[in-house]
Amino acid sequence: MEPSVTIVRTSLLITPEAEVIPVNLPADSGDRLTFMYSLMRCNQVDVVALTDQVDMWLDDNGLYTQQVNPAATLLARRFGRTYQDYHGPVLLTGGADDEGETLPLDKDKMLAMLTILADL
1088 MEPSVTIVRT SLLITPEAEV IPVNLPADSG DRLTFMYSLM RCNQVDVVAL
1138 TDQVDMWLDD NGLYTQQVNP AATLLARRFG RTYQDYHGPV LLTGGADDEG
1188 ETLPLDKDKM LAMLTILADL
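Residues in the sequence shown are numbered consecutively from 1088, following this note's numbering.
Pasting the structure below:
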């Protein structure tokens, strides 16, 4: 019997109350989008590239339906994204691969994001 290998696709959820929660994304891209909708309490998502290796996913209609997320707004401003305040829960992921598939945060990116969030 071969050992089973579980691939962990870790991301960080940042709530409007400044809670930072590690979450595992489903491996299947269709399930992943449904999971994101549920996690962020929305039915449309948008993505802001904080860097070429870190994306911030958010409710596309959050400006109208959800409260401001001060931690997400400060994080985005830290990376030069000063266009607006960000609303509702946001999800940090590790960018995308060559085929456009969302990547998890690797250990180094996870630690970097946690450090930056702690300093905000």
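Glycine included, each C-beta is placed from N, C-alpha and C at the ideal position.
Which residues bound the alpha helix (DSSP H) around D1206?
K1194 to D1206
State the CB to CB distance for the pair V1132 and D1146, rounded to an integer number of angstroms; the pair is presumed to be in contact (CB under 8 Å).
7 Å
Taking the C-alpha atoms as reference points, what is the distance between L1100 and E1186?
24 Å
State the start and end residues of the unbroken beta strand (DSSP E) segment that holds L1109.
It should be noted that the sequence gives Pro, not Leu, for residue 1109. Here the beta strand (DSSP E) through P1109 covers V1107 to N1111.
Cβ of L1190 within 7 Å of Cβ of G1182?
yes
Please confirm whether L1161 and L1207 have their CB atoms less than 7 Å apart.
yes
In whole angstroms, what separates the C-alpha of T1169 from that of L1179?
17 Å
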